[in-house]
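Q:
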Amino acid sequence: MESINVIDAIKGRSSTRKFLDKPVPKEIQEKILEAAAMTPSGANMQPWIVYAVSNKEMLTKIGDAIIAHIEAGGDVDQFIQYYPVNWINPYKKRRIVTGAGLYKLMGVDRHDDETRQQMWFDNYRWFGSQTVFFVFMEKELINGAQGPLIDSGAYMQNLMLAAEGYGLGSCPQGSTTEYGKIIARVLDVPENLALLYSVVIGYEDKEAKINTYQPARVPMNDTVTFVE
Ligand SMILES: Cc1cc2nc3c(=O)[nH]c(=O)nc-3n(C[C@H](O)[C@H](O)[C@H](O)COP(=O)(O)O)c2cc1C
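Take the sequence shown: its letters are residues 1 to 228, numbered as in the working numbering.
1) Any idea what DSSP makes of SER170, helix, strand or coil?
2) Assign ASN86 to buried or exposed, taking buried as 16 or more other Cβ atoms, counted over all protein chains shown, within 10 Å of its Cβ.
3) Rounded to the nearest angstrom, how far is the Cβ of PHE136 from that of TYR82, given a contact under 8 Å?
4) Going by C-alpha to C-alpha distance, which of THR131, VAL224, MET220 and ALA194 sits closest to ILE80?
5) Whether or not the region 194 to 212 and the region 158 to 165 are in contact is what I'm after, with contact meaning three or more pairs of Cβ atoms, one per stretch, closer than 8 Å; do they touch?
6) Should TYR124 and ILE210 be called a contact, given that it needs their Cβ atoms to be closer than 9 Å?
7) Assuming the contact rule is C-beta atoms closer than 8 Å, LYS61 and VAL186 should be a hit. Round their C-beta distance to whole Å, please.
8) Going by CA-CA distance only, name the one from PHE19, ASP109, GLU228 and ILE4 that's closest to ASP205.
9) What residues in its chain sit with their C-beta under 6 Å from that of ALA35, if we drop five residues either side in the sequence?
10) If I follow the unbroken beta strand (DSSP E) through MET220, where does it start and stop?
11) Can the beta-carbon of VAL218 be found less than 9 Å from the beta-carbon of PRO84?
12) Would you list the residues whose beta-carbon is nearer than 7 Å to any heavy atom of ligand 1, in the order they occur in the chain?
13) Our contact map puts TYR103 next to ARG95 with C-beta atoms below 8 Å; I'd like the distance itself, whole angstroms only.
14) Helix, strand or coil for TYR91, going by three-state DSSP, please let me know.
Encoded structure:
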């Protein structure tokens, strides 16, 4: 069960956007969280603070609150700004190509804003999963510093690789970063915490077309400079 090779796990992981309606047993959640807790961090600070939510009512309540906020025309309500404020190329182009590829696969017209919005709202329905890890951090740690955010990114990847190791799918969510303050309020977390992101985990629906989407990566040599 735990014998997946690390390279296979890295290359085998991809974002899952439709899960089976099947809970992830608590002991598997614990194993994933124990593995991710081994993530290195600067000065071994281990800044991540996780709420592992499997309570269906709570997940519905969080999703309802975000969707109602968006539908009422509410702006983002966040602790940190995840996406670039100025989308320069080539990143802008990569974003557009990746989004367009997903909508094309799903047969959604690029002008069909209504369907696209409903697809985005699937984020707040947790893609049908019953377990979401919400990752917070003490606000004070990122007061004038970014290092703990680097640590939390490594933690995110380890959550996903550990999930992969236990045969589960996962989806990282910046869509929740944008409404972090709503989530903090509904979950009633202490005032000193800021939501960074969430990771949905669960049993992948292997029949679902959306889960076949594998956006391409730029060739390694385009992003690496070897100095020899
Ligand atoms: C920090 C972060 C936030 C993301 N946020 C979302 C999200 O809110 N919803 C979503 O469907 N995918 C989200 N993704 C998934 C990316 O779109 C995906 O990782 C990328 O397109 C590469 O595809 P892959 O994960 O299938 O390899 C996020 C990924 C990362 C790393």
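Cβ coordinates follow ideal geometry from the N, Cα and C atoms, glycine included. Quantities reported herein were computed from a predicted structural model and do not represent experimental measurements.
A: Looking at the coordinates:
1) Three-state DSSP puts SER170 in a strand.
2) Taking a 10 Å sphere around the C-beta of ASN86, we find fewer than 16 other C-beta atoms and assign the residue as exposed.
3) In fact, because the Cβ distance is near 14 Å, the residues do not count as touching under 8 Å.
4) For ILE80, the nearest C-alpha among the options comes from ALA194.
5) Short answer: they touch.
6) No. Outside cutoff.
7) Right, the Cβ-Cβ distance comes to about 6 Å (below 8 Å), so this counts as a contact.
8) When each option's Cα is compared against that of ASP205, the closest is PHE19.
9) Non-local C-beta neighbours of ALA35 in its own chain, meaning closer than 6 Å and more than five positions away in sequence, comprise ALA162, ordered along the chain.
10) MET220 -> not in any beta strand (DSSP E); alpha helix (DSSP H) instead, spanning 220 to 223.
11) For the pair VAL218 and PRO84, the CB atoms are not nearer than the 9 Å cut-off.
12) This selection yields ARG13, SER14, SER15, ARG17, TYR82, THR98, ASN123, MET156, CYS171, PRO172, GLN173, GLY174, SER175, THR176, TYR197, TYR213, GLN214 and PRO215.
13) The pair is not a contact, with the Cβ atoms about 13 Å apart (cut-off 8 Å).
14) Of the three classes helix, strand and coil, the one that applies to TYR91 here is helix, per DSSP.
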